[in-house]
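For the sequence shown, the working numbering begins at 16 and goes up steadily by one. Glycine included, each C-beta is placed from N, C-alpha and C at the ideal position.
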Amino acid sequence: MTAQLDIDQLLDKLETGLRQVLNERDIDAPLMVGIRTGGVWLADLLSKRLQLETAPGELDISFYRDDFSRIGLNPRVRPSSLPFDTEGRDIILVDDVIMSGRTIRAAMNEIFDYGRPDSIILATLVDLGARELPIQPDVVGRSMTLASSQRVKLRGPDPLRIEVQEGGA
């Protein structure tokens, strides 16, 4: 069984939240970076909604994961693409789902290898709240608690949809 969440409503909430954070922090020219794969799709949409001048960057954090030796290499690893200088810039980091915080830690490590940003704003579509590291998103589309048999999956990119799946499919 699969249930779908309203992706447009979640994107509206992310956009509104990001505008508020950018305004509060007086940031007028942020750079957007999406974590592959779902975060890249979201970063593209949010970048257009926020009318950012610079196209979003893409991170593949496979080599930065702290569980790399246990899970092995994803067979679809592609190089990251940050076609801009991160040094001294404000970054909006986008991922589809945050759970343990380990993916975000890996993404921040990779960003810092490109240069030291002034700030990183974390935006996630879904927060599952099962942290293993003290990393919290600044903007969240929706917080959820799932049963152990359930998984959240972003499908796309066209049409973009988010599903709660039974049985970890």
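Check                                                                                                                               : Outcome
DSSP three-state call for S115: helix, strand or coil?                                                                              : coil
If distances are taken between C-alpha atoms only, which option among R93, S115, G144 and E39 comes closest to T52?                 : R93
What are the boundary residues of the beta strand (DSSP E) that includes R131?                                                      : Run containing R131: none; DSSP gives neither H nor E here.
Does E68 come out as helix, strand or coil in the three-state DSSP assignment?                                                      : coil
So the alpha helix (DSSP H) G182 belongs to, where does it begin and stop?                                                          : Here G182 belongs to no alpha helix (DSSP H), and DSSP marks it neither H nor E.
Please identify the residue among D110, T69 and M114 whose C-alpha is closest to the C-alpha of L97.                                : T69
Go through its chain and collect everything with a Cβ distance to D100's Cβ below 7 Å, but skip five positions before and after it. : G130
Using the three-state DSSP reduction, which class does I22 fall into: helix, strand or coil?                                        : helix
Within 10 angstroms of the Cβ of T139, are there 16 or more other Cβ atoms? Answer buried if so, exposed if not.                    : buried
How about L137: is its Cβ closer than 7 Å to a heavy atom in the ligand NAD?                                                        : Absence of the ligand NAD is noted for the structure shown, with no ligands found whatsoever.
Going by alpha carbons, who is nearest to I113 out of L137, N124, R104 and G103?                                                    : L137
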